[in-house]
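Enquirer: Going by the numbering used here, the residue at position 94 of the sequence shown is 100; the numbering climbs one at a time, nothing skipped.
All C-beta atoms, glycine included, are put in the ideal place defined by N, C-alpha and C.
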Amino acid sequence: PDYSRVIDAYPKLAYAHYNRGLCYEMIGLDDLAIEDITAAIEIEPRVEFRYERRGTIYFRMNQLDKALTDYEEAIVINPQYAPALYARGIIRMKNGDLSGGGADVALAKHHRPNIAAEMERAGVK
């Protein structure tokens, strides 16, 4: 679908913003991806995977503070959300918190055994 046309017609349709953001991410337009995913979050703020996705873009851009904030918000919404737990764990370990980071990674793997491979494909390692 042409998400821009959908957004023009229905500017408060969060999933259209999110999906267009994913498309931008896929072609390397990370700033536009963040802009659209942020719009989706502003419209519907209680959706954990949107924070996780934006956090992952920030992670790949080496903006780890912003990534951590997004992962933590995703975990507030859903404390068992494995992608956010795993990514937060990686950041915590990078920041020297080996115990806390290891606990996050272990909990993420408990909820989703293949999470490490999934997140590495997304650029979180």
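1. Check for me: the alpha helix (DSSP H) holding Lys-131 runs from which residue to which?
2. Taking the beta carbon of Gly-61 as the centre, do at least 16 other beta carbons fall within 10 Å, making it buried, or is it exposed?
3. Any idea what DSSP makes of Met-67, helix, strand or coil?
4. From Asp-37 to Phe-65, what distance separates their C-alpha atoms?
5. Apart from the five residues just before and just after Arg-118, which ones in its own chain have a Cβ nearer than 7 Å to its Cβ?
6. For a quick check, are the C-beta atoms of Ala-46 and Ala-20 less than 8 Å apart?
7. Within the same chain, show all residues whose beta-carbon is closer than 8 Å to that of Ala-109, passing over the 5 residues directly before and after it, in chain order.
8. His-132 to Leu-28, Cα distance in whole Å?
9. Assign Val-82 to buried or exposed, taking buried as 16 or more other Cβ atoms, counted over all protein chains shown, within 10 Å of its Cβ.
10. Go through its chain and collect everything with a Cβ distance to Leu-70's Cβ below 6 Å, but skip five positions before and after it.
11. Comparing C-alpha positions only, which one of Met-67, Pro-85, Met-32 sits nearest to Arg-52?
12. Apart from the five residues on each side of it in sequence, which residues of its chain come closer than 7 Å, Cβ to Cβ, to Gly-106?
13. In whole angstroms, what separates the C-alpha of Arg-26 from that of Ile-33?
Expert: On the basis of the coordinates in this document:
1. As a first step, residue 131 is located in the sequence shown; it is residue number 125 there, counting from the start. Unbroken run through Lys-131: none, as it is neither H nor E.
2. In the sequence shown, counting from the first residue as 1, residue 61 sits at position 55. Gly-61 should be labelled buried.
3. As a working mapping, residue 67 is identified with position 61 in the sequence shown. The answer is coil: DSSP assigns Met-67 none of H, G, I, E or B.
4. As a first step, residue 37 must be located in the sequence shown, where it is residue number 31. As a first step, residue 65 must be located in the sequence shown, where it is residue number 59. In a straight line, the C-alpha of Asp-37 is about 13 Å away from that of Phe-65.
5. Residue mapping note: residue 118 aligns to position 112 of the sequence shown, counting from 1. Cβ neighbours of Arg-118 beyond the five flanking positions: Ala-88.
6. Position 40 of the sequence shown, counted from the start, is the residue given in the question as residue 46. Position 14 of the sequence shown, counted from the start, is the residue given in the question as residue 20. In contact: Ala-46 and Ala-20 (Cβ atoms closer than 8 Å).
7. Numbered from 1 along the sequence shown, position 103 holds the residue referred to as residue 109. Excluding positions up to five away in sequence, the list reads Gly-95.
8. Since the first and last residues shown for the chain are 7 and 131, residue 132 lies out of range.
9. For the purposes of this step, residue 82 is identified with residue 76 of the sequence shown, where counting begins at 1. Exposed: under 16 other Cβ atoms inside 10 Å.
10. What you label residue 70 is simply residue 64 of the sequence shown in a count that begins at 1. These residues qualify, in order along the chain: Ile-97.
11. One-based indexing of the sequence shown puts residue 52 at position 46. Ranking Met-67, Pro-85, Met-32 by Cα distance to Arg-52 puts Pro-85 first.
12. On the sequence shown, position 100 is the one that residue 106 refers to. For Gly-106, where only same-chain residues beyond five positions count, the Cβ hits under 7 Å are Arg-98.
13. As a first step, residue 26 must be located in the sequence shown, where it is residue number 20. As a first step, residue 33 must be located in the sequence shown, where it is residue number 27. Spanning the two alpha carbons is a distance of roughly 11 Å.
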